[in-house]
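Counted the way this note's numbering counts, the sequence shown spans residues 610 to 1513. This report refers to the structure that appears directly beneath it.
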Amino acid sequence: MQVSVRRLLLYPLCATRSSQSRAALLRPVLRLLSPSARTLFSDTGVWEKDYRTETRRKVEEWWHPRIMAQWQKDALEESANRKKFYVLSMFPYPSGRLHMGHVRVYTISDTIGHFQRMRGHQVLNPMGWDAFGLPAENAAIERGLDPEEWTKSNIQSMREQLDSLGLCFNWDREVTTCLPDYYKWTQYLFIKLFEAGLAYQKEAVVNWDPVDQTVLADEQVDENGRSWRSGAQVEQKLLTQWFIKTTNYAKPLLDALQDLPEWYGVKGMQANWIGECTGCYFDFKLKVNGEETGETLSAYCFSPETVFGAAYLSILPSHRLLHGSSSVRSALQKAFQLGRDSVTEVTAHNLFTGHEVPLVISHKEAFDGYLDTVLGVPDCSEEDLSVARALNLRWTTVVETHEDGTQTLINSEEFSGLTREQAFDSITQKAREQKVGGHLTSSKLRDWLISRQRYWGTPIPVVHCGSCGPVAVPEEELPVTLPKLPSLTGKGASPLGAAHDWVNCKCPRCKGPARRETDTMDTFVDSAWYYFRYTDPHNPDRPFERHLADHWLPVDVYIGGKEHAVMHLYYARFLCHFCKDHGLVAHREPFWKLLVQGLIKGQTFKLADSSQYLKREEIDFTDKEPVALNGGRIEVTWEKMSKSKHNGLDPQEVVQQYGVDTVRLYILYAAPPEQDILWNVKTDALPGVLRWQSRLWQLVTKLRAARQLGDVPNPSVLKKKELAEAKKIWENKNYAIREVTTHFTEDFLFNAAMSRLMGLTNTLSSATVRLLQHSVEFEEALAALVMMTAPMAPHLASELWAGLCQVKNPLSSLLLRGGDVLQQSWPTVDPEYLEVPDFVELSVLINNKACGTVTVPLQVSKDSIRVQQLVLESPIGQKLLGERSIKRAILSPRTALINFLVDE
């Protein structure tokens, strides 16, 4: 290199053709001669001594495109013989800008994806866009734009942002729910539900958002009766709406939760939302003065086995039959004017029992849960008995109690003689077979309301014919595409109603005049099946090939916010159950492990008197307590980041300041995934991960320097003390591999995994120069450390690995494998280590300050009393705790740590 430099210096610069070429000629000379020049080993072969800001920037610039290109190359070349791993992060709404919550969820999925790829799995880590919905339509109205143009522009912007973060998604599988090649199959699945009798239209009292001018599901209204999106006070309206009969799957969905691993409390939330499935609905045909009206009504029965003993069918005064356009309205209103709990001229024919009972308008304002129609059975309810007697109704006794307390059925046709438990199963099963009810559900669960009176959504593939009623669009005519509208106002009826040429059509059945359905579907329908489409995203003939869905499903790890614990997860589980029952897939449950992520919160400052949020520049921070520049008192809190609260962060600005890997490590280290992160760069988390990166760099620097000292590495020259130190390194390496692998596969405590890697870093940092020169244990431990860091900090680890593999005279075959670090096999525990009794290295804290470590047997490591005793008996315990009064000892349930609180 010196000869090259000398020749360049002696070369007559005047001989070059231009100033640009002279500058190009000088550039390598200046870089080599300047003491402040920054180089990159992968590019120049020169190893930078320290990991500086400029070094970090060059490392990330160099490795970013190479890591992403290698991921895509590996994804295309992966063998189907490898065991699959499907990691899925909830796809975003394309708002146009990423926020830190996005960065957190996708960092987690990217980390898991890299880890599983290194473990030899065929990894699917897809990405797409939940692209329909109100925000795009409202934005289009405000700006006078087409919502499609707005959405596509936002997708382009957000995809560029995701790429800038170095996130390795399978972009070849990208899906966008607002494109016809996706929503064609949303419509297809709707038709399957319609044909199965699970998608239906009825008049109902619904929640109406007066601001967004659309219907809301009950779950989209908060406890104060306000819209989840607009914040408007929700109104009640009677409208004809489309529903999906999710209540038919309530019991299977409830029972299936038992077979899933714990979901951070989400299983309990789902079970609570579904409720105890101890009753069911039965279908009735309504009559007025003995004449059939064509009206069908479903009534909830709390004790289905006693259905033959029903005395009446009761509805609430708010029931749609009293207020809508039904054929029985006038008869019911006449009875209602006479007083409540009155028998009407309307009777209900039970399609299961064949019995006919009177319809009664209840005096109550509400039944249990969301019910508005119930079956009165005097044999199993004192209240029902009281109503039947007051109205002088006749009924049949169906329950007989024996001397031993058992109860059997009588007067119940072929079910007579069965115990109530036996009859419960037999009656509900037969009702299901006859398709007249019998699906076990709870009183608190309603069917899924999917109609939305807005334009930007999947068109419901149904036409309304005067002769045939609602008719599904034939599959060969799908997709029913959205028409282009000249303008959107967001006011009045469904915007699609203005597209007259689109609305007016022919009935697919009788070919007569018909009108298309002008409501669109709730966006939760689009997201209820996207995990299927990722397995076969470009199929033009069906939503997905079964063998591909069966290969990838269930999703191994599903990552997203806990705010989706009830609605989205319930709807997605329902649709998967439905697809299983109709032979579309083999799996009943779509997701195996669920990893919920907490929020990233920013510090907010608001005036105590008005609750007005202030910007940082409007605040005086000179005193201990911040005050507004105008003198107002300020409340300081931590809240979800948002522009309106002036506490948001632009991810790209944060990455520019600290680097991709630093941000990734901070997110993973600041808190377990399910907990909130209070974003504060002054805390220990950010300086901690910055120091750790520098220490990793120093370890590679020290090994490279040690191997340049001239001695040929020779493990046999190590003395007894050095061999003991080498053994400790070997033990710590194996312990770290075991712990980190467990955290990555079982509990996803990436912060604990990083703590363990930091511990291994500490061990290696204290090694002597002779160990660096002659110890294979040090070399292999450092290689394992870099490999285990790679999923979390891929750019830094890639450069570290490059420097490690070019170390002089390597002792370990690990460094001779070839390939980048992310192409290496994940390190495994040495077999000899597994033969040694398991021990845990426990960190000992006194009054929250680290004081050392104590090794304890693994089998007692969770026993607080035993661990406390072992620590007190250890040299550290005797020295630091022997003479002190211990108030409390806290053994961490998650990490290997015990904290002694003592009197100072």
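For glycine and all other residues, C-beta sits at the position ideal for the given N, C-alpha and C. Owing to the predicted nature of the structure, the values given are computational and were not obtained by experimental measurement.
Report task. Mind the definition here: the segment 1016-1030 touches the segment 873-892 only if three or more C-beta pairs lie below 8 Å; say whether that holds. Result -> no
**Report entry** alpha helix (DSSP H) runs wholly inside the segment 1213-1290, at least 4 long, in chain order
**Finding:** 1260-1267, 1269-1279
**Report entry** K1202, buried or exposed, once every other Cβ within 10 Å from all chains shown has been counted against 16
**Finding:** buried
Requested in this report: State the CB to CB distance for the pair E746 and W1065, rounded to an integer number of angstroms; the pair is presumed to be in contact (CB under 8 Å).
Outcome: 4 Å
Query raised in the report: Could you check where the alpha helix (DSSP H) with T786 kicks off and where it finishes?
Result: No alpha helix (DSSP H) contains T786, which DSSP labels as neither H nor E.
Query raised in the report: Which ranges would you report for the alpha helix (DSSP H) in the segment 845-929 if only whole runs of at least 4 residues count?
Result: 859-865, 875-883
Query raised in the report: Assuming Y715 contacts L649 under a Cβ cut-off of 8 Å, what Cβ separation, rounded to an integer in Å, is found between them?
Result: Not quite, the Cβ-Cβ distance comes to about 26 Å (not below 8 Å), so this is no contact.
Report task. Under 8 Å by Cβ, that's how I've got T1090 and P789 pegged, so tell me the actual separation to the nearest angstrom. Result -> 5 Å
Query raised in the report: Ends of the beta strand (DSSP E) at Y660?
Result: Careful: Y660 lies outside any beta strand (DSSP E) and carries neither H nor E.
Requested in this report: May I have a chain-ordered list of the alpha helix (DSSP H) segments no shorter than 4 residues that lie completely inside the segment 1152-1179?
Outcome: 1155-1161
**Report entry** DSSP bridge partner residues for M1130 (one or two, in chain order)
**Finding:** S1060
Query raised in the report: With 16 other CB atoms within 10 Å as the buried threshold, where does T1398 fall?
Result: buried
Report task. Can you say whether A1333 is buried or exposed, counting buried as having 16 or more other CB atoms within 10 angstroms of its CB? Result -> exposed
Query raised in the report: Which residue comes first and which comes last in the alpha helix (DSSP H) that contains Y1344?
Result: 1329-1351
Query raised in the report: How should F1509 be labelled, buried or exposed, when 16 other C-beta atoms within 10 angstroms of its C-beta is the threshold for buried?
Result: buried
Query raised in the report: Below 8 Å, can you find three or more Cβ-Cβ pairs linking the segment 980-994 to the segment 919-928?
Result: yes
Query raised in the report: Which word fits D1229, buried or exposed, when buried means at least 16 other C-beta atoms lie within 10 angstroms of its C-beta?
Result: exposed
Query raised in the report: Which term fits H1186, buried or exposed, when burial requires 16 or more other beta carbons within 10 angstroms of its beta carbon?
Result: buried
Query raised in the report: In chain order, what residues of the same chain lie with their CB nearer than 7 Å to the CB of E1227, ignoring the 5 residues before and after it?
Result: A1237, L1238
Query raised in the report: Just how far apart, CA to CA, sit S1103 and R1063?
Result: 5 Å
Query raised in the report: The alpha helix (DSSP H) spanning V1045 covers which residue range?
Result: Taken as a continuous stretch (DSSP letters only), V1045 belongs to no alpha helix (DSSP H), as it is neither H nor E.
Query - Cβ-based burial, P870 [other Cβ within 10 Å; buried from 16] - result: exposed
Report task. Could you name the residues of the same chain whose beta carbon sits closer than 7 Å to that of V1416, not counting the 5 residues immediately before and after it, in chain order? Result -> L1312, R1313, R1316, L1424
Query raised in the report: Would you call S971 buried or exposed, if buried means 16 or more other Cβ atoms sit within 10 Å of its Cβ?
Result: buried
**Report entry** Given T1010 as reference, the closest of V1476, V1449, L1018 once Cα atoms are compared
**Finding:** L1018
Query raised in the report: Quick one: what does DSSP say F694 is sitting in, helix, strand or coil?
Result: strand
Report task. Taking all protein chains shown into account, decide if L947 is buried (16 or more other Cβ within 10 angstroms of its Cβ) or exposed. Result -> exposed
Query raised in the report: Does the distance from the CB of W738 to the CB of F700 come in under 8 Å?
Result: yes
Query raised in the report: What residue does the alpha helix (DSSP H) around L1366 start on, and which one ends it?
Result: 1359-1374
Query - Extent of the continuous beta strand (DSSP E) run through G1461 - result: 1458-1466
Query raised in the report: Looking at the unbroken beta strand (DSSP E) that takes in H1073, where does it start and where does it end?
Result: 1071-1074
Query raised in the report: Would the segment 811-825 and the segment 1175-1183 be scored as touching if the rule is three or more Cβ pairs under 8 Å?
Result: no
Requested in this report: Can you tell me which of the three DSSP states S613 falls into?
Outcome: Caution is warranted here: a pLDDT of 36 is assigned to S613, below 50, making its placement in the model unreliable, and the coordinate value is therefore given only provisionally. Note: S613 maps to helix in three-state DSSP.
**Report entry** Cβ contact check for the segment 700-713 and the segment 761-777: 3 or more pairs under 8 Å
**Finding:** yes
Report task. Check whether the Cβ atoms of Y909 and L984 lie closer than 8 Å to each other. Result -> yes
**Report entry** Continuous alpha helix (DSSP H) assignments of at least 4 residues falling wholly in the segment 1419-1446
**Finding:** 1440-1444
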